[in-house]
Amino acid sequence: MPELTQTYIQAFIDYLKFQKRYSLNTIRSYQDDLAQFFDYLQLQFGQLPLNDIGHSYVRSWLASLKERNISAKSINRKISSLKSFFKYLVKTGALDQTPMSKVISPKIGKRLPDFIRVEDSHKLIDSLKSTEDWRSLNTKMLITIFYNTGMRLSELINLKEEQIDFQKRQIKVLGKGNKERLIPVSAELIATINDYIANKRKTFERTDDALLVTEKGKKMYAKYPYLHVRSFLGREVQPLHKKSPHILRHSFATHLLNNGADLNAIKDLLGHSSLAATQVYTHNTIEKLKDVYKKAHPKA
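With my numbering applied, the sequence shown corresponds to residues 1120 to 1419, in that order.
Now the structure itself:
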């Protein structure tokens, strides 16, 4: 990769970090996508100045991704990364025009988000027995907080004790783009969190400042909650297309909507920047109504 290209990529990453205030995970995705693109160009065509990169080079890379059976969703994300990068270069005067104007993103078939049925969610919570075993205690906390708050995985592993207002029964969450939001929670969840903190202080002399910690008293790494939740859902809930923590976020939103919650309120609780992202849950509600109609209407 030409040295000048590396300089522009670093300037773009700094722009995302300090001006756009994107999360580290998002920035890492941009870095990976750009590295893959320029590595491909280097391998196939040698060193190319930025001005020489046209849409045909981009299409060549996208075709290679399709040949490797990379999903349309992943390809669209990579296209988005390139569009943002080249748009930044045009904006800063490094390029006169972007090679992305003729690049079309592949269509993605819409799939409704999986969620746990209400009756199954009750069984799920009931199966979380009280235990002194730290692994099981963490599983209980992860399932309970994910389902009761709709938090994202990254938000929960970065959650600190100081973000919980025990008096007002609310949690301050730092979401995408470092946007803060408040999530009201039940007295029962506050009591569960209090018990966990008390156990944590009894079990460990010193811990990380994160609310949830591993068996070693350290902050959870990203795969820790994913593996715990997937394993637990695999045992307790059947059938589900996916068994990730995001299923509990989907269930949180779907159950709120099915019980009459306002869509805008759900949007704020989830930390969505636009209503369009939240509206996907209305499809689950429509599917539920169709199911009720088929079962109950004499002409169905």
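Note that beta-carbon positions come from the ideal geometry of N, C-alpha and C, so glycine has one too.
Residue i to residue j span [Cα, whole Å]
i	j	result
Asp-1215	Ser-1179	22 Å
Ile-1223	Ser-1255	47 Å
Leu-1308	Ile-1290	11 Å
Asp-1327	Gly-1212	45 Å
Phe-1131	Ser-1203	9 Å
Glu-1274	Arg-1320	22 Å
Lys-1338	Tyr-1176	43 Å
Phe-1137	Asp-1151	19 Å
Glu-1334	Arg-1140	32 Å
Lys-1279	His-1174	46 Å
Lys-1185	Leu-1394	31 Å
Asn-1297	Gln-1282	14 Å
Ser-1220	Ile-1198	11 Å
Tyr-1315	Gln-1286	17 Å
His-1391	Gly-1379	19 Å
Ala-1182	Phe-1234	34 Å
Ser-1350	Gln-1155	32 Å
Thr-1124	Arg-1196	21 Å
Asn-1383	Asn-1313	30 Å
His-1416	Tyr-1345	Residue confidence for His-1416 is low, a pLDDT of 46 falling below 50, so the modelled location carries little weight; the figure read from the coordinates is stated next. Their backbone Cα atoms lie some 41 Å apart in a straight line.
Glu-1324	Thr-1258	22 Å
Asp-1284	Ala-1306	11 Å
Where residue i falls: helix, strand or coil (DSSP)
i	result
Asp-1327	coil
Leu-1301	strand
Ile-1385	helix
Lys-1335	coil
Asp-1151	helix
Lys-1139	coil
Arg-1320	helix
Lys-1259	helix
Ile-1283	strand
Tyr-1340	coil
Asp-1233	coil
Gln-1161	helix
Ile-1172	coil
His-1391	coil
Glu-1251	coil
Leu-1167	coil
Ser-1224	coil
Gly-1353	helix
Ala-1182	helix
Thr-1211	coil
Leu-1306	The question names Leu, but residue 1306 is Ala in the sequence shown. Helix, per DSSP.
Gly-1269	coil
Gly-1296	helix
First through last residue of the beta strand (DSSP E) which encompasses residue i
i	result
Ile-1290	1289 to 1293
Short Cβ contact (8 Å threshold) for residue i with residue j
i	j	result
Thr-1217	Lys-1226	no
Leu-1352	Ala-1372	no
Tyr-1149	Ser-1193	no
Thr-1311	Thr-1268	no
Ser-1142	Lys-1295	yes
Tyr-1134	Leu-1169	no
Ala-1317	Leu-1272	no
Leu-1261	Val-1348	yes
Ile-1385	Leu-1376	yes
Ser-1363	Ser-1240	no
Arg-1368	Phe-1265	yes
Trp-1253	Thr-1322	yes
Endpoints, the alpha helix (DSSP H) within which residue i is located
i	result
Met-1219	Unbroken run through Met-1219: none, as it is neither H nor E.
Ile-1132	1122 to 1133
Thr-1397	1394 to 1397
His-1374	1364 to 1377
Ile-1189	Premise fails: Ile-1189 is in no alpha helix (DSSP H) and is neither H nor E.
Leu-1275	1272 to 1276
Integer Cβ distance of residue i from residue j, believed to fall under 8 Å
i	j	result
Asp-1387	Arg-1288	With a Cβ gap of about 17 Å, Asp-1387 and Arg-1288 do not count as contacting.
Phe-1157	Met-1120	5 Å
Leu-1331	Ile-1276	7 Å
Val-1304	Met-1270	Actually they do not touch by this definition, with Cβ atoms about 11 Å apart.
Leu-1160	Leu-1167	6 Å
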